[in-house]
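Right, one structure below, let's go through it.
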Amino acid sequence: MTTASNNAPTTYFNLHTQGIGYLNRVREVPVRRGQAFMACDIAALHGASDDVEYTRFDCKVASGEADRLIREHLEDVRAERKVLIAFRIGDLWVDPFMYEKGERKGQPGASLKGRLIFIEWIKVDGQFSYRAPARTDTAAPEAAESAESEPADGDADQGQPTPPAARKSTAARQSA
């Protein structure tokens, strides 16, 4: 029996968390048999603006640009300035643990961990210190062209699913 090797590229589904939060506990983590990496905590804001709540994320800094930006703002965090960032975290996971000290000693706890993959902007004490360059989307010109070619009264079928006869089945798409 022979097996056909599939050379199609692997497709991934990304689960990203994004928001704004305060940067805390910036540190370089040494690794015994590897290269040290930067890590930080983000106290993400959520809820009503007059009654803000925080959720803490413990992040490994995963992209080169994010690493550079975190290192640039390390002294601001150490000087206890308010460093607010707009962030994107990937690969979020829960790390369960047991409290070893304090009031909660012996009780279970959980830490939200992830990879800091993008920083959109940074404010230090309310002043912008970094803004990511605007993204250029290559699909935008194509979308504009297809919108121009549609008839002006084409609103009648907007939002309607494609008729079954026009859709390809899963088997037909895979064999193509």
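Under the UniProt record's numbering, the first residue of the sequence shown carries the number 1, and numbering increases by one thereafter.
Just so it is clear, CB atoms sit at the ideal spot from N, CA and C, and this is done for glycine as well.
The model shown is predicted, which means the values in this text are computed figures rather than measured ones.
Terminal residues of the alpha helix (DSSP H) in which residue 72 lies: On the sequence shown, residue 72 is found 72 positions in, with the first residue counted as 1. Where residue 72 is concerned, the enclosing alpha helix (DSSP H) stretches over 64 to 72.
Three-state secondary structure (DSSP) of residue 76: For the purposes of this step, residue 76 is taken as the residue at position 76 of the sequence shown. It is helical.
Residue 67 versus residue 34: straight-line alpha-carbon distance, rounded: Numbered from 1 along the sequence shown, position 67 holds the residue referred to as residue 67. Numbered from 1 along the sequence shown, position 34 holds the residue referred to as residue 34. Roughly 17 Å between the two C-alpha positions.
Closest Cα partner of residue 88 within the set 31, 25 and 62: Mapped onto the sequence shown, residue 88 falls at position 88. The option with the nearest alpha carbon to residue 88 is 62.
Alpha-carbon to alpha-carbon, residue 26 and residue 74: Walking along the sequence shown from the start, residue 74 turns up at place 74. Walking along the sequence shown from the start, residue 26 turns up at place 26. Taking the straight line joining both Cα atoms gives about 6 Å.
Touching by the beta-carbon criterion (3+ pairs, under 8 Å), the region 14 to 21 and the region 40 to 53: yes
For residue 7 and residue 114, the rounded distance between their alpha carbons: One-based indexing of the sequence shown puts residue 114 at position 114. One-based indexing of the sequence shown puts residue 7 at position 7. Approximately 30 Å between the Cα atoms of the pair.
Reference residue 120; option with closest CA among 69, 50 and 77: Stepping through the sequence shown from its first residue, residue 120 is reached at position 120. Nearest of 69, 50 and 77 to residue 120, Cα basis: 69.
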